[in-house]
Amino acid sequence: RLGPKQLSGDEVLAQLKHLQPIKFGKTLNNKKRKRPEVELNWTKKSIFFELPYWRTLKLRHNLDVMHIEKNICDNVLGTLLNLDGKIKDNIKARMDLEAMGI
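With the first letter of the sequence shown counted as 1, position 17 gets the number 654 in the numbering used here; the numbers rise by one all the way through.
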């Protein structure tokens with residue numbers, strides 16, 4: 638199976654024009670939501686699309702690997718060395734692991 642087509646910012650904005658405003662909460666008459674005529678991948682428009690340069694970006698979201706690695710290292714070392722404020726090993730975490738069968 639092929640992956641999804643990489644859309645440009647202009648193509649995403651063209652799709653987002655079809656979105657209806659979202660009404661949060663329950664409806665008064667408890668009716669189900671109507672499905673839109675055109676099925677989209679989106680439920681809301683990001684506020685970042687209001688930035689003038691956002692639609693021209695090739696990569697709109699990026700993970701910072703350096704900080705992810707640092708956080709993992711801090712958590713593992715903090716747990717192994719029993720450092721104050723860095724321990725992720727507590728009763729709730731152990732109960733979660735037991736529930737997962739680990």
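Yeah, the Cβ is synthetic: ideal placement off N, Cα and C, and Gly gets one too.
Cβ distance (whole Å) where Leu639 is taken to contact His655 below 8 Å: With a Cβ gap of about 24 Å, Leu639 and His655 do not count as contacting.
Check whether Asn712 and Lys725 have beta carbons under 8 Å apart: Cβ distance < 8 Å, so Asn712 and Lys725 count as in contact.
Start-end ranges of the alpha helix (DSSP H) lying completely within the stretch 668-739, minimum 4 residues: Counting only unbroken stretches of 4 or more residues, the alpha helix (DSSP H) elements lying wholly within the stretch 668-739 are 702-718 and 728-737, in sequence order.
Assigned secondary structure, Gly640 (DSSP; H/G/I helix, E/B strand, else coil): In the structure shown, Gly640 adopts coil according to DSSP, grouped into three states.
Anticipated Cβ contact below 8 Å, Trp691 with Phe685, distance rounded: So it is a contact: roughly 5 Å between Cβ atoms.
Element boundaries [alpha helix (DSSP H), containing Gly646]: Bounds of the alpha helix (DSSP H) holding Gly646 are Gly646 to Leu653.
Beta-carbon separation (whole angstroms), Gly646 vs Leu694, contact threshold 8 Å: Indeed they touch by this definition, with Cβ atoms about 7 Å apart.
From Gly722, Leu650 and Ile728, residue whose alpha carbon lies closest to that of Ser683: Across the set Gly722, Leu650 and Ile728, the C-alpha of Leu650 shows the shortest separation from the C-alpha of Ser683.
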